[in-house]
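Novice:
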Amino acid sequence: MATRIVLVTGGAGHVGSHIIEMLVKDTSNQVISLDNYFAGSKDNHIDGAEYRSGHTKDIETLVPETPDIVYHLGEYARIAPSFDDIQEVYDMNIVGTFAVVEFCRTRKVGKLVYAASSTKFAIEGNGRHQNPYAFTKATNVDLINNYGEWYGLKYAICYFYNAFGPRENGKGKYATLIAKFEHAYLNAKPLTVVKPGTQRRNFTYVKDLARGIIQVGEKGQGDGYSLNNTKGFSVVEIAEAFGGKINYIDGYPGRFDSGDNPIKARKELGWETTVDILDYIKEFKNSHSFTIE
Ligand SMILES: NC(=O)c1ccc[n+]([C@@H]2O[C@H](COP(=O)([O-])OP(=O)(O)OC[C@H]3O[C@@H](n4cnc5c(N)ncnc54)[C@H](O)[C@@H]3O)[C@@H](O)[C@H]2O)c1
Numbered sequence: 002m003a004t005r006i007v008l009v010t011g012g013a014g015h016v017g018s019h020i021i022e023m024l025v026k027d028t029s030n031q032v033i034s035l036d037n038y039f040a041g042s043k044d045n046h047i048d049g050a051e052y053r054s055g056h057t058k059d060i061e062t063l064v065p066e067t068p069d070i071v072y073h074l075g076e077y078a079r080i081a082p083s084f085d086d087i088q089e090v091y092d093m094n095i096v097g098t099f100a101v102v103e104f105c106r107t108r109k110v111g112k113l114v115y116a117a118s119s120t121k122f123a124i125e126g127n128g129r130h131q132n133p134y135a136f137t138k139a140t141n142v143d144l145i146n147n148y149g150e151w152y153g154l155k156y157a158i159c160y161f162y163n164a165f166g167p168r169e170n171g172k173g174k175y176a177t178l179i180a181k182f183e184h185a186y187l188n189a190k191p192l193t194v195v196k197p198g199t200q201r202r203n204f205t206y207v208k209d210l211a212r213g214i215i216q217v218g219e220k221g222q223g224d225g226y227s228l229n230n231t232k233g234f235s236v237v238e239i240a241e242a243f244g245g246k247i248n249y250i251d252g253y254p255g256r257f258d259s260g261d262n263p264i265k266a267r268k269e270l271g272w273e274t275t276v277d278i279l280d281y282i283k284e285f286k287n288s289h290s291f292t293i294e
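All the letters of the sequence shown, read from the start, carry residue numbers 2 to 294 under the numbering used here.
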């Protein structure tokens with residue numbers, strides 16, 4: 002019998018779907034997803050959860066229940082296209098998240114868990130101002146920390162670092178890097194790398210990430226839960242692990258490396274990653290029966 006209401010915003014997206022998959026295994030959870038399907042897909046739905054379609058700015062009417070915990074992932078989630086999409090980014094991340102935070106305050110939700118971005122830890126310059134996406138994510142971290150101070154909001158903030166793994170979006174403008182490389186590999190096409198290619202990322206297995214965010218939901222408090230694989234790789238190293246021709250293009254490379262990554266999740270919760278990106282790529286290649294020239 003469900004005794005706890007858990008709301009996941011962005012539950013039809015990549016990371017959200019893995020959180021839901023883990024949450025529904027515990028029968029004491031009644032799991033509700035709120036997603037506007039801007040980037041999410043019904044293909045990511047998990048049996049046992051209830052899916053509501055709508056924007057987080059309408060959370061007050063779309064969610065009449067008072068959840069015990071809210072995992073807030075439902076935001077515009079891409080860096081490079083955020084320059085072109087600034088109106089959507091502002092609407093979904095600033096207007097939408099303000100409504101979620103207010104909902105948690107006025108309904109006295111037990112805990113708000115926020116999916117923040119490692120973009121603010123850029124080693125060069127000030128990461129939070131490097132693109133519209135990073136700006137909204139860092140601004141929301143400030144907002145939630147301030148609500149903790151001003152109103153006693155109960156919250157925990159996780160930082161994500163390039164999730165990879167099942168259900169990653171490989172198509173169109175919002176495709177993620179590993180999924181794009183997998184798609185190119187399967188179609189024997191060159192891998193496209195934004196110059197210079199030396200930009201490094203801490204690719205983190207999505208199921209490790211989902212387990213971490215749930216641990217933070219259970220026991221975490223306050224800011225600073227980085228859920229990263231500590232091994233960083235450049236985009237070129239990843240492309241070389243797939244093999245084949247690399248096509249270098251001009252574009253927005255994003256930050257070059259992550260600087261100051263808080264270690265609170267490892268220290269406080271004993272969280273660790275279990276799958277590394279190079280092993281995952283090796284297994285992906287082994288499970289497909291052809292080789293490319
Ligand atoms: N994947 C990563 O590597 C990564 C890194 C840092 C931070 N994050 C954050 O984690 C969260 C999930 O990322 P993801 O990779 O699963 O992205 P995703 O695009 O697959 O999932 C986001 C989901 O939220 C939905 N959504 C967006 N705005 C919404 C709104 N205003 N109201 C309701 N639904 C909305 C989308 O339709 C989508 O299903 C995002 O907040 C993202 O910023 C992700």
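Ideal placement from N, C-alpha and C gives every residue a C-beta, glycine not left out.
Given a cut-off of 9 Å, decide if Q216 and K155 are closer than it, judged by their beta-carbon atoms.
Specialist: To locate residue 155, count along the sequence shown from 1; it is residue 154. To locate residue 216, count along the sequence shown from 1; it is residue 215. Cβ distance not < 9 Å, so K155 and Q216 don't count as in contact.
Novice: Excluding sequence positions up to five away, which residues of its chain have a Cβ less than 6 Å from the Cβ of V9?
Specialist: In the sequence shown, counting from the first residue as 1, residue 9 sits at position 8. If we look at V9 and ignore the five residues flanking it on each side, its Cβ neighbours are G17, I20, I21, S34, Y72.
Novice: Report yes or no: do the stretch 57 to 66 and the stretch 78 to 90 share at least 3 C-beta pairs separated by less than 8 Å?
Specialist: Result no; under three Cβ-Cβ pairs closer than 8 Å.
Novice: What does a CB cutoff of less than 8 Å around R212 pick up in its chain, not counting 5 residues either side in sequence?
Specialist: Counting from one through the sequence shown, the residue named residue 212 turns up at place 211. M23, W272.
Novice: With DSSP as the reference, label G128 as helix, strand or coil.
Specialist: The residue labelled residue 128 in the question sits at position 127 within the sequence shown. Of the three classes helix, strand and coil, the one that applies to G128 here is helix, per DSSP.
Novice: Using the rule of at least 16 other Cβ atoms within 10 Å of the residue's Cβ for burial, across every protein chain shown, is G252 buried or exposed?
Specialist: Start at 1 with the first residue of the sequence shown, and residue 252 comes out as number 251. The residue in question, G252, is exposed, as its Cβ has fewer than 16 Cβ neighbours within 10 Å.
Novice: Compare the beta carbon distance of G245 and A185 with 9 Å and say whether it is the shorter of the two.
Specialist: As a working mapping, residue 245 is identified with position 244 in the sequence shown. As a working mapping, residue 185 is identified with position 184 in the sequence shown. Closer than 9 Å, so yes.
Novice: Candidates A116, G12, D143, A117: which alpha carbon is nearest H46's?
Specialist: Within the sequence shown, residue 46 is the residue found at index 45, counting from 1. Nearest of A116, G12, D143, A117 to H46, Cα basis: G12.
Novice: Please report how far the alpha carbon of I293 lies from the alpha carbon of F161, in whole angstroms.
Specialist: In the sequence shown, counting from the first residue as 1, residue 293 sits at position 292. In the sequence shown, counting from the first residue as 1, residue 161 sits at position 160. Caution is warranted here: a pLDDT of 44 is assigned to I293, below 50, making its placement in the model unreliable, and the coordinate value is therefore given only provisionally. Their Cα atoms are separated by approximately 32 Å.
Novice: Could you say which of E125, A180, H130, L113 lies nearest to G149 if we only look at CA atoms?
Specialist: The residue given as residue 149 occupies position 148 in the sequence shown. The residue with the shortest Cα to Cα distance from G149 is L113.
Novice: Less than 6 Å between C-beta atoms, sequence neighbours within five positions excluded: which residues of the same chain meet that for I87?
Specialist: The sequence position of residue 87 within the sequence shown is 86, counting from 1. P133.
Novice: Below 8 Å, is the gap between the Cβ of G173 and the nearest heavy atom of ligand 1?
Specialist: Within the sequence shown, residue 173 is the residue found at index 172, counting from 1. Not so, every heavy atom of ligand 1 lies at least 8 Å from the Cβ.
Novice: Can you tell me whether K138 is helix, strand or coil according to DSSP?
Specialist: Here residue 138 is taken as the residue at index 137 of the sequence shown, counted from 1. Note: K138 maps to helix in three-state DSSP.
Novice: Roughly how many angstroms separate the alpha carbons of I278 and T140, rounded to a whole number?
Specialist: As a first step, residue 278 must be located in the sequence shown, where it is residue number 277. As a first step, residue 140 must be located in the sequence shown, where it is residue number 139. Answer to the nearest angstrom: the Cα atoms are 30 Å apart.
Novice: Are the beta-carbon atoms belonging to G75 and D36 less than 9 Å from one another?
Specialist: Locating residue 75 in the sequence shown gives position 74, counting from the first residue. Locating residue 36 in the sequence shown gives position 35, counting from the first residue. Yes; because the gap between Cβ atoms is below 9 Å, this pair is in contact.
Novice: Taking only runs that begin and end inside the stretch 221 to 258, name each unbroken alpha helix (DSSP H) of 4 or more residues, in chain order.
Specialist: The qualifying runs are 236 to 243.
Novice: Considering only residues of the same chain and omitting the five flanking positions on each side of H289, which have a CB-CB separation below 8 Å?
Specialist: Taking the sequence shown and counting its residues from 1, the one referred to as residue 289 is at position 288. Answer for H289: Y186, L187, listed in chain order.
Novice: For H73, which residues does DSSP report across the bridge?
Specialist: Against the sequence shown, residue 73 aligns to sequence position 72. Paired residue(s): T10, Y115.
Novice: Suppose you measure from the CA of T137 to the CA of C159; what does that come to, to the nearest Å?
Specialist: Position 136 of the sequence shown, counted from the start, is the residue given in the question as residue 137. Position 158 of the sequence shown, counted from the start, is the residue given in the question as residue 159. Their Cα atoms are separated by approximately 15 Å.
Novice: For a test of the three-state rule: what should DSSP assign to D143, helix, strand or coil?
Specialist: What you label residue 143 is simply residue 142 of the sequence shown in a count that begins at 1. Reduced to three states, the DSSP call for D143 is helix.
Novice: CA-CA distance, V237 and M2?
Specialist: The residue labelled residue 237 in the question sits at position 236 within the sequence shown. The residue labelled residue 2 in the question sits at position 1 within the sequence shown. Roughly 49 Å between the two C-alpha positions.
Novice: Is E61 closer than 9 Å to A100 when the C-beta atoms are compared?
Specialist: Here residue 100 refers to the residue found at position 99 of the sequence shown. Here residue 61 refers to the residue found at position 60 of the sequence shown. Their beta carbons are under 9 Å apart, which means A100 touches E61 by this criterion.
Novice: Give the secondary structure of S288 by DSSP, where H, G and I count as helix, E and B as strand, and everything else as coil.
Specialist: In the sequence shown, counting from the first residue as 1, residue 288 sits at position 287. DSSP places S288 in coil when its eight states are reduced to three.
Novice: At a cut-off of 8 Å, would you count T199 as near ligand 1, judging by its Cβ distance to the nearest heavy atom?
Specialist: Numbered from 1 along the sequence shown, position 198 holds the residue referred to as residue 199. No, Cβ of T199 sits at least 8 Å from all heavy atoms of ligand 1.
Novice: Going by alpha carbons, who is nearest to N248 out of K196, E219, F234?
Specialist: Mapped onto the sequence shown, residue 248 falls at position 247. Per the Cα distances, K196.
Novice: Thinking just about the alpha-carbon of each residue, which of I282, H56, G225, T193 is nearest to the one in D116?
Specialist: Your numbering for residue 116 matches position 115 in the sequence shown. The identity of residue 116 in the sequence shown is Ala, whereas the question assumes Asp. Nearest option by C-alpha distance: G225.
Novice: What does N30 pair with, by DSSP beta-bridge criteria?
Specialist: Residue 30 sits at position 29 when you count from the first residue of the sequence shown. DSSP, once it has assigned bridges, lists R5 as partnering N30.
Novice: T231: beta carbon under 8 Å from a heavy atom of ligand 1?
Specialist: As a position in the sequence shown, residue 231 is number 230, starting the count at 1. No, ligand 1 has no heavy atom inside 8 Å of this Cβ.
Novice: Can you name the start and end residues of the alpha helix (DSSP H) that E103 belongs to?
Specialist: One-based indexing of the sequence shown puts residue 103 at position 102. Element bounds for E103: 97 to 107.
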